[in-house]
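Chemist: First, the structure itself, so that you have it in front of you.
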Amino acid sequence: MWSLNKISDNIHHWLNQQFSPTWALIFEMVIAGICVISLFAMLGLILVLMERKVSAWMQIRLGPNRVGPKGIFQSLADTVKLLVKEGMTPDGADKLLFNLAPFIAMIVAMLLMAPIAFAKDFQLWDLNIGVLYVSAVSSIMVISILMAGWASNNKYSLMGAMRSGAQIVSYELSAGLSILTIVVLTGSLKISDIINAQADGWWIFKGHIPVIIAFVIFIIAVTAETNRAPFDLAEAESELTAGFHTEYSGMKFALFFLAEYVNVFIVCAIGATLFLGGWMPLHIGHWQAFNHVMDYVPSSIWFFGKTFFLIFLIMWFRWTFPRLRIDQLLNLEWKYLLPISMFNILLATAVAILGWHF
Amino acid sequence: MYRNTDIINEGSQSPSFGEAGDLVINVGPQHPATHGVLHLVITLNGETIKKVEPHLGYIHRSIEKMCESLTYRQFIYVTSRMDYLSSHINNHACALCVEKGMQIEVPERAQVIRVLMDELTRIASHELWWGAMAMDIGAFTPFFHAFRERETINEIMEDTCGARLTMNYMVPGGVMADIHPEFQKKVKGFITLFKSKVDEYAELLTGNIIFKNRMKDVGVLSKEDAISFGCTGPVARGSGVSCDIRKWYPYEIYDKLDFEEIIETAGDSLARYMVRLREMKQSVRIIEQLIDNIPEGDFQAKTKAVLKLPKGEFYSRVETARGEFGVYIVSEGATTPYRIKFRSPGFSNLSALDHMARGSKLGDLVAMMGTLDLVIPDIDR
Amino acid sequence: MANEELKTKITELLATATFEEGGEWLNIVIAPQDWLLFAQQLRNDESLQFDFLFCLTCIDWKTNLTMVYHLRSTKYRHNIVVRSILDRNKPEIASVSGIWKTAVFHEREAYEMFGVDFLDHPDLRLLILPDGWEGKNPMRKDFEDAVNMIKL
């Protein structure tokens, strides 16, 4: 059976045979870095194309179909265009912050790649507070948006940034609480523990109502956190032209764009890990035969399949829902989602203590 | 000679900055939500709108002045460029006014064709409005769905008039050419298509809870205000004002047709939205009544080559997709009008925007502008 | 109300009003100084209720400027036309923006296009013409554009 961890193990052994352990570690780090950067770029290209194809499908049109077969090189061509474009800095902008902001957005997105388990035993850093790390680091995203909005010296940008700040800080709570539901059920913050706890069934199936509620809230909250429609108030183009990235052009704009898509991937990966078992194949209790058949599908396929399903869900939202207004957005969080999440976590705790879950 | 045009800020000395905490932003003339070159200077306090001040003139071509040097046959086609989405109905108003002055009897066939074309234009205009308004409030997909049906109408128009947007099909005394042989078949095809799709609209947008929350109680215009601000068309009818020119002062064959005047009483954006959606169905109803009953005969009355309106004043009005469009011709008996005034619906409707928007959120402004259905060349003329 | 009834009613309201024949609607000519009071009467009189100002414009007759107001009642559905002849060199008339709010915009348009000064208008500034417009009023008959020399 083909799997990613065997490849990584082979590389690890080969490097340790050839070099001293220190050098081997350094080489492994370099390889991991290259992999993350190329994954980052690949995800950007694939997700932009996917978004355009999904939107085209929903809008009864074809979408990109000129560059390459079925337009698969369209986003590559766009990237080249953005690379050669002039990156302008407006007059009166805070030059340091203005130029720093897109990189912070990108760095945050890259840091979030660390604890994600892409396949069985294929993870950069299985730290023992994995889930906490994810929710902590993803909050830094708001700083880059605030930076961009403030430094642009543009009223639209500033308003977009302020909206985004209020939005991300609010929805962080619900996202955190819905993640906690799973932590309560699993008893661990470690990503690998959470996945292994789902070996006999994913949490969405065996966690009863609290997990389903948590899953719905999680999806809503992360859609808001990544500034995706219907919560794209930070860049509401009919109100604020383009919100916080109004003044950005060329590659600096592309980095924001890329960071947004990679963030979507990451939150969906986290969602898939917590609720849909990450790389864990679909196992049902003690049906050994069925579980064995499922094991034949490589774990990386399981992981990416689930993640892309969630990404599709979020894209579906974007292309069918109108945008919320800022007060409705905050009402939704503080008046509905937060109380529900708080109640839900109590429910989940009761379920966990009483052992009602499967 | 003119007074200062700086932004007036009550209680403030400085002309360009408001009170402390106020943010003055320019929406337009290049802005995705203004659908053209409308320039709104908005004073905000946080996200709350304190004042909206329209600055017009970015696409002002002074059509009224231009018309003073065009003959009565020529000036009709300039008016296509005003409200380009219901250009056909604008032309209709001008043709009616000239006919009124010249006392031309329009053949019945021409009248039926005109009404058919008017209603098709109205549907096309409302389709575009529906898509564009949905896009304003952040739903992108309806735009393409609306354009699917609008495209069919455009094809019908192209067959008969030779153009898709500025049709220029009306002449004093009738229409320029007879309808295309395929016209009836295609219109029937369109009706079948439209009827099967119009409920999809409700499914896609109207029933959406986010959409309802965005539209309900947003931009409320009371009945008294709607009348006072001179609002007409779906804007006024959304506020409970009965103002359909087709019912009140029927022209052509509208008095013989069976259709309802759609009136909603809430006065908010949702009411204006529902008026337009239901109006499309009424237009289809009118088309259904006429499409099989186009009488035989001339499509154009015999008129003199050079038209000279007698000395006097003539006013005619029609119901365009946006409201009451009036043409006021002052004639001195020459081949060109002495003075022409176009009473465009958008201009009056826009004047209500400030009143509606005060105190609401910035996000509401686009919903209001969307449901006012502003067409900027119609406002600027 | 039919035109004849309107005529008698309006004569009761304003004895100085004269009537012009021709046209489908009743044409009333009044002096500019009577306008504000007369407009209030037209708007508020129980049997008239002209609550809808659907067209407000000005005509440059080279010797004078004529303001034309088209009024309609949304209740009784009757229409009238009120006109008032202004001095071309010093055109002044009371603003009716307090009675019909739509006049705010329409009067601003007439102000910049014809130079009519509407007294007590709340916000009489340029609406369509660009800021800092210098020169004559574009819609007057003697207007000559120094930039666009093309004559039609």
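Residue numbers (numbering that gives the first Met the number 0), protein chains in the order written: chain U, 0 to 357; chain V, 0 to 380; chain G, 0 to 151. Using N, Cα and C, we set each Cβ at its ideal position, and we do this for glycine too.
What number of angstroms, rounded off, separates the C-alpha of U/G62 from the C-alpha of U/Q122?
Modeler: Working through the first sequence from its first residue, we reach residue 62 of chain U at position 63. Working through the first sequence from its first residue, we reach residue 122 of chain U at position 123. Cα to Cα, U/G62 sits roughly 35 Å from U/Q122.
Chemist: Which whole runs of the alpha helix (DSSP H) in the segment 87 to 111 of chain U are 4 residues long or more, in chain order?
Modeler: Segments of the alpha helix (DSSP H) lying fully in the segment 87 to 111 of chain U: 94 to 110.
Chemist: Name the residues in the segment 314 to 327 of chain U whose C-beta lies less than 9 Å from a C-beta of chain V; which are they?
Modeler: R317, W318, T319, F320, P321, R322, L323, R324, I325, D326, Q327
Chemist: Kindly list the residues whose CB is nearer than 6 Å to the CB of V/R342, restricted to its own chain and excluding five residues on each side of it in sequence; keep chain order.
Modeler: Here residue 342 of chain V is taken as the residue at index 343 of the second sequence, counted from 1. Answer for V/R342: G325, listed in chain order.
Chemist: Give me, in chain order, the residues of the same chain whose beta-carbon lies closer than 6 Å to that of V/G322; leave out the 5 immediate sequence neighbours on both sides.
Modeler: Counting from 1 along the second sequence, the entry for residue 322 of chain V is found at position 323. Excluding residues within five positions, the ones whose Cβ falls inside 6 Å are T231, G232, P344.
Chemist: Return the bridge partner residues of V/K340 from the DSSP annotation.
Modeler: The residue labelled residue 340 of chain V in the question sits at position 341 within the second sequence. Paired residues: V/Y327.
Chemist: Just to confirm the assignment, what range does the beta strand (DSSP E) spanning V/Y168 have?
Modeler: Within the second sequence, numbered from 1, the residue matching residue 168 of chain V stands at position 169. Element bounds for V/Y168: n/a, residue is neither H nor E.
Chemist: Given a cut-off of 8 Å, decide if V/G45 and V/L37 are closer than it, judged by their beta-carbon atoms.
Modeler: In the second sequence, residue 37 of chain V corresponds to position 38, counting from 1. In the second sequence, residue 45 of chain V corresponds to position 46, counting from 1. Result no, Cβ atoms of V/L37 and V/G45 do not sit closer than 8 Å.
Chemist: Considering Cα atoms alone, identify which of U/K205, U/I181, U/S163 is closest to U/I216.
Modeler: Position 217 of the first sequence holds residue 216 of chain U. Nearest C-alpha to U/I216: U/I181.
Chemist: Does the CB of V/G358 have a neighbour CB from chain G at under 8 Å?
Modeler: Taking the first residue of the second sequence as position 1, residue 358 of chain V is located at position 359. Chain G places no beta carbon closer than 8 Å to that of V/G358, leaving this residue out of the contacts.
Chemist: Find the nearest neighbour of V/G229 within the set G/V115, G/A102, G/S46, G/L36, judged by alpha-carbon distance.
Modeler: The count along the second sequence starts at 1 and reaches residue 229 of chain V at position 230. Among G/V115, G/A102, G/S46, G/L36, the Cα nearest to that of V/G229 is on G/A102.
Chemist: Ignoring anything shorter than 3 residues or poking outside the segment 58 to 97 of chain G, list the beta strand (DSSP E) runs there in chain order.
Modeler: 63 to 71, 78 to 86, 91 to 93
Chemist: My output table needs one value for V/N3: the three-state DSSP class, helix, strand or coil.
Modeler: Looking up residue 3 of chain V in the second sequence gives position 4. Annotation note: pLDDT 40 at V/N3 (below 50); position unreliable, coordinate value reported separately. Looking at V/N3 - three-state DSSP - the assignment turns out to be coil, as it is neither helix nor strand.
Chemist: For G/D141, which option in G/W60, G/E23, G/L36 has the closest C-alpha, if you only look at C-alpha atoms?
Modeler: By one-based count along the third sequence, residue 141 of chain G stands at place 142. Residue G/W60 is the option with its Cα nearest to G/D141.
Chemist: Look up V/F16 in the DSSP assignment and say whether it is helix, strand or coil.
Modeler: Numbered from 1 along the second sequence, position 17 holds the residue referred to as residue 16 of chain V. Bear in mind that the predicted position of V/F16 carries a pLDDT of just 49, short of 50, making it too unreliable to give a figure here.
Chemist: Please go through the same chain and pick out, in chain order, the residues whose beta-carbon is closer than 7 Å to the beta-carbon of G/E19, but skip the five residues on each side of it.
Modeler: Against the third sequence, residue 19 of chain G aligns to sequence position 20. Hits under 7 Å: N26, V28.
Chemist: Using a beta-carbon distance below 8 Å, is U/P101 in contact with chain V?
Modeler: Within the first sequence, the letter at position 102 stands for residue 101 of chain U. It does not: the Cβ of U/P101 has no partner Cβ on chain V nearer than 8 Å.
Chemist: Tell me whether U/N330 sits in a helix, a strand or coil according to DSSP, three-state version.
Modeler: If you number the first sequence from 1, residue 330 of chain U lands on position 331. U/N330: helix per DSSP, three-state reduction.
Chemist: Could you list the residues in the segment 53 to 73 of chain U with a C-beta less than 8 Å from some C-beta on chain V, going in chain order?
Modeler: S54, M57, Q58, I59, R60
Chemist: Any beta carbon from chain U within less than 8 Å of V/G362's own beta carbon?
Modeler: The residue you call residue 362 of chain V lines up with position 363 of the second sequence. At a cut-off of 8 Å between beta carbons, V/G362 contacts chain U.
Chemist: Which of helix, strand or coil does DSSP assign to U/A160?
Modeler: Start at 1 with the first residue of the first sequence, and residue 160 of chain U comes out as number 161. In this structure, U/A160 counts as helix in the three-state DSSP scheme.
Chemist: Using 8 Å as the limit for Cβ to Cβ distance, is V/T140 near chain U?
Modeler: Start at 1 with the first residue of the second sequence, and residue 140 of chain V comes out as number 141. Yes, its Cβ sits closer than 8 Å to a Cβ of chain U.
Chemist: Taking C-beta pairs closer than 9 Å, name the residues in chain G that V/C401 reaches, listed in chain order.
Modeler: As displayed, chain V neither begins before 0 nor continues past 380, which places residue 401 of chain V out of reach and without an answer.
Chemist: With which residues is V/V26 paired in a DSSP beta bridge?
Modeler: Translated into positions along the second sequence, residue 26 of chain V becomes position 27. Looking at the DSSP assignment, V/V26 forms a beta bridge with V/L39.
Chemist: Are the CB atoms of U/L81 and U/G129 within a distance shorter than 8 Å?
Modeler: Residue mapping note: residue 129 of chain U aligns to position 130 of the first sequence, counting from 1. Residue mapping note: residue 81 of chain U aligns to position 82 of the first sequence, counting from 1. In this structure, U/G129 lies away from U/L81, with their beta-carbon atoms at least 8 Å apart.
Chemist: Buried or exposed: where does U/F102 fall if 16 or more other Cβ atoms within 10 Å of its Cβ makes it buried?
Modeler: Position 103 of the first sequence, counting from 1, holds the residue named residue 102 of chain U. That one is exposed.
Chemist: Quick check on the DSSP output: the alpha helix (DSSP H) that includes V/Y314 runs from which residue to which?
Modeler: Residue numbering aside, residue 314 of chain V sits at position 315 when the second sequence is read from its first letter. Premise fails: V/Y314 lies in the beta strand (DSSP E), 311 to 318, not in any alpha helix (DSSP H).
Chemist: Among the residues of its own chain, which have a CB less than 7 Å from the CB of V/K386, if the five just before and after it don't count?
Modeler: Nothing can be reported for residue 386 of chain V, as the shown portion of chain V is limited to 0 through 380.
Chemist: Using three-state DSSP, classify V/H381 as helix, strand or coil.
Modeler: Here chain V has residues from 0 to 380 only, and residue 381 of chain V is not among them.
Chemist: Please name the residues in the segment 208 to 228 of chain V whose beta-carbon is closer than 8 Å to at least one beta-carbon of chain G, in chain order.
Modeler: Those residues of the segment 208 to 228 of chain V that come within reach of chain G (Cβ to Cβ, closer than 8 Å) are D224, I226, S227, F228.
Chemist: Return the CA-CA distance between V/V23 and U/Y155, expressed in angstroms with no decimal places.
Modeler: The residue given as residue 23 of chain V occupies position 24 in the second sequence. The residue given as residue 155 of chain U occupies position 156 in the first sequence. In a straight line, the C-alpha of V/V23 is about 11 Å away from that of U/Y155.
Chemist: Just confirm the distance between the C-beta atoms of V/V111 and V/L289, as a whole number of angstroms; I'd bet it's less than 8 Å.
Modeler: Residue numbering aside, residue 111 of chain V sits at position 112 when the second sequence is read from its first letter. Residue numbering aside, residue 289 of chain V sits at position 290 when the second sequence is read from its first letter. Yes, they are in contact, since the Cβ atoms of V/V111 and V/L289 sit about 5 Å apart, within 8 Å.
Chemist: In whole angstroms, give me the CA-to-CA distance for G/T10 and V/P53.
Modeler: As a position in the third sequence, residue 10 of chain G is number 11, starting the count at 1. As a position in the second sequence, residue 53 of chain V is number 54, starting the count at 1. Their backbone Cα atoms lie some 40 Å apart in a straight line.
Chemist: Should U/A174 be flagged as near chain V, meaning a C-beta pair shorter than 8 Å?
Modeler: Stepping through the first sequence from its first residue, residue 174 of chain U is reached at position 175. So no, U/A174 is outside the interface.
Chemist: Give every residue of the same chain whose Cβ lies closer than 7 Å to the Cβ of V/D257, excluding the five residues on either side of it in the sequence, and list them in chain order.
Modeler: To locate residue 257 of chain V, count along the second sequence from 1; it is residue 258. Within the same chain, V/D257 has close Cβ partners Q288.
Chemist: Within a Cβ cutoff of 8 Å, which residues of the same chain sit near G/K6, ignoring the five residues on either side of it in sequence?
Modeler: The count along the third sequence starts at 1 and reaches residue 6 of chain G at position 7. Counting only Cβ-Cβ distances below 8 Å, and skipping sequence neighbours, we find F18, L25.
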